[in-house]
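My numbering puts the sequence shown at residues 17 to 195.
Beneath this line is the structure, given in structure tokens, with notes to follow.
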Amino acid sequence: MTKYSIEKVSSSMRLENYDYSQAGLYFVTICSKDRKCIFGKINDGIMVLNPNGINANQCWCEIPDHYQNIYLDAFIIMPNHIHGIIEISDRFQPVGKRHAASLPVCEIKTHTLGMVIGSFKSAVSRQINMINNTPGAEIWQRNFYDHIIRDDNSLQRIRGYIEANPYRWPFDNENPENE
């Protein structure tokens, strides 16, 4: 296994009986419908986002604005998929802006990884379909892949994998040209 390889952890969607709302780091991969390259292209090892990719990037970066206990780590938008590390924390921060002093502070809620990814996918789909005038078009493959990051070595390896992903695109299994 090379320094930046990730063991095959994505063969099943979720671990049975695992609480995906508990604090931890999660490596996720979200693929576009039919692996279509809708987010941009790779030029000389650099991901160049198109308007769809810019939208996905913005929505990804805004995830912590919507959840009190979600933090983002390394991520990359690729031509037809997204890799990212999401932290579900047991520490909470205020989210959003209060518009009136009389409004109560929202109660603290924990969210599952699936809820966060589902919300992200919905927001991106809505905006891409609005931009492209394609109401109801499917943007995403059903579900997503995850890997629970259990130690610092794994975290560092996955960060390296994410960072190097554009350079490996010519050999990537997600690259439709490699079928």
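Every residue, glycine too, gets a C-beta built ideally from N, C-alpha and C.
TODO: Determine the direct distance from the alpha carbon of F160 to that of T126, and round the result to whole angstroms.
DONE: A straight-line Cα-Cα distance of about 20 angstroms links T126 and F160.
Open item on the list: Let's see if you can read the secondary structure: which residues bound the alpha helix (DSSP H) around F136?
Closed with: For F136, the enclosing alpha helix (DSSP H) begins and ends at 129 to 148.
Task: Start and end residues, alpha helix (DSSP H) containing G69 - done: From DSSP, the alpha helix (DSSP H) with G69 extends over 67 to 77.
Task: Limits of the unbroken alpha helix (DSSP H) element including A90 - done: That residue, A90, is in no alpha helix (DSSP H); its beta strand (DSSP E) goes 86 to 93.
TODO: Please go through the same chain and pick out, in chain order, the residues whose beta-carbon is closer than 7 angstroms to the beta-carbon of S8, but skip the five residues on each side of it.
DONE: Here the chain has residues from 17 to 195 only, and residue 8 is not among them.
- [ ] Go ahead and pull the three-state DSSP assignment for C189.
- [x] Looking at the sequence provided, one finds Asn at residue 189 rather than Cys. In the structure shown, N189 sits in coil (DSSP, three-state: anything other than H, G, I, E or B).
Task: Where E32 sits in the DSSP three-state scheme - done: Judged by DSSP in its simplified three-state form, E32 adopts coil rather than helix or strand.
TODO: Answer with buried or exposed for R77, where buried requires no fewer than 16 other C-beta atoms within 10 angstroms of its C-beta.
DONE: Rather than Arg, the amino acid found at residue 77 in this sequence is Cys. With a threshold of 16 other beta carbon atoms within 10 Å, C77 falls short and is exposed.
- [ ] Find the nearest neighbour of H99 within the set E179, D168, P80, judged by alpha-carbon distance.
- [x] Among E179, D168, P80, the Cα nearest to that of H99 belongs to E179.
Task: Cβ shell of R142 (< 7 angstroms), same chain only, five flanking positions each side left out - done: Excluding sequence positions up to five before and after R142, its CB lies less than 7 angstroms from no other CB in the same chain.
Open item on the list: Report the CB separation of V132 from I102 in whole angstroms; it is logged as a contact under 8 angstroms.
Closed with: Rounded, the Cβ-Cβ distance is 7 angstroms, consistent with contact.
TODO: In angstroms with no decimal places, state the Cα-to-Cα distance between D50 and Q157.
DONE: Each residue's alpha carbon lies about 7 angstroms from the other.
Open item on the list: Less than 8 angstroms between the C-beta atoms of E190 and N96, yes or no?
Closed with: A distance below 8 angstroms separates the beta carbons of E190 and N96.
- [ ] Tell me whether I46 sits in a helix, a strand or coil according to DSSP, three-state version.
- [x] Annotated three-state conformation of I46 is strand, per DSSP.
TODO: Enumerate in chain order the residues of its own chain whose CB-to-CB distance from N181 is below 7 angstroms, with the five nearest sequence positions on each side excluded.
DONE: Sequence-distant Cβ neighbours of N181 in its own chain, meaning closer than 7 angstroms and more than five residues away, are I92, M94, H99.
Task: Start-to-end residues for the alpha helix (DSSP H) that takes in Y161 - done: Y161 -> not in any alpha helix (DSSP H); beta strand (DSSP E) instead, spanning 161 to 165.
Task: Per DSSP, the bridge partner or partners of N59 - done: Here N59 is bridged, per DSSP, to I62.
- [ ] Check whether the Cβ atoms of P67 and I147 lie closer than 8 angstroms to each other.
- [x] For P67 and I147, yes; Cβs fall inside 8 angstroms.
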